[in-house]
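Take the sequence shown: its letter number 142 is residue 148 in this note's numbering, and every next letter is one higher.
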Amino acid sequence: MIIDELLREAKMSRYKLSKTSGVAQATISDICSGKTSMEKCSAGTLYKIAKALNVTVDALLEADEQEMAQNAEYRSSFETFKSNTCHHVKDMGDIDFIINTLENDTIRSLYKKMWYPESLYLLGMIDYLSKINDLPMCTNYNDIRRHKLAQVVYPSSVLIQAAVMHSETVK
């Protein structure tokens with residue numbers, strides 16, 4: 007959330023923001039986690055937080071509104087994303103696909119949206135295409151390569167097969 011970004015810039019913790027602003031730590035935590043919308047906060051609460059962070063209440067509300075609009079962006083299923091990616095590779099060709107993806111920084115933007123499966127899939131695809139085309143691996147995403155998903159994402163065909171066979175061994 008926007009407050010977390012402002013806290014990072016100010017090198018301030020949520021606890022310190024609570025003490026500085028006089029707003030309960032639980033309230034700040036709820037706002038930062040998205041549990042409570044800034045729109046629903048009292049003007050006094052927003053004023054105290056804005057003052058402690060050296061920004062205006064309007065700036066807080068505008069940033070929150072932009073973030074909400076960005077989060078409302080349509081996200082297709084992971085299966086659809088994988089299929090679309092493969093079609094893009096086929097239509098554009100390996101090299102052009104790699105260039106387009108890296109120039110647009112698509113992997114990083116997906117990661118920033120917290121669309122981790124899509125980001126990691128696309129990174130894997132770029133790494134694979136680079137390898138089979140004898141291209142050097144792009145090191146811009148080494149920080150993302152260090153991460154893995156909390157849960158394995160199985161293709162729907164594997165999930166269906168496991169359900170039909172009443173067996174988890176397929177996975």
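We put the CB at the ideal spot given by N, CA and C, even for glycine.
{"Query": "Using beta-carbon positions only, say whether K177 and A168 come within less than 7 Å of one another.", "Result": "yes"}
{"Query": "Would you mind stating whether A58 and S27 have Cβ atoms separated by less than 7 Å?", "Result": "yes"}
{"Query": "When DSSP labels each residue in this structure, what does Q76 get in the three-state scheme?", "Result": "helix"}
{"Query": "Rounded to a whole number of angstroms, what is the C-alpha to C-alpha distance between M120 and L155?", "Result": "11 Å"}
{"Query": "Unbroken alpha helix (DSSP H) runs of length 4 or more, entirely within the region 87 to 144: which are they?", "Result": "100 to 110, 112 to 118 and 122 to 138"}
{"Query": "How is K54 classed by DSSP in three states: helix, strand or coil?", "Result": "helix"}
{"Query": "Where does N148 sit, in a helix, a strand or coil, going by DSSP?", "Result": "helix"}
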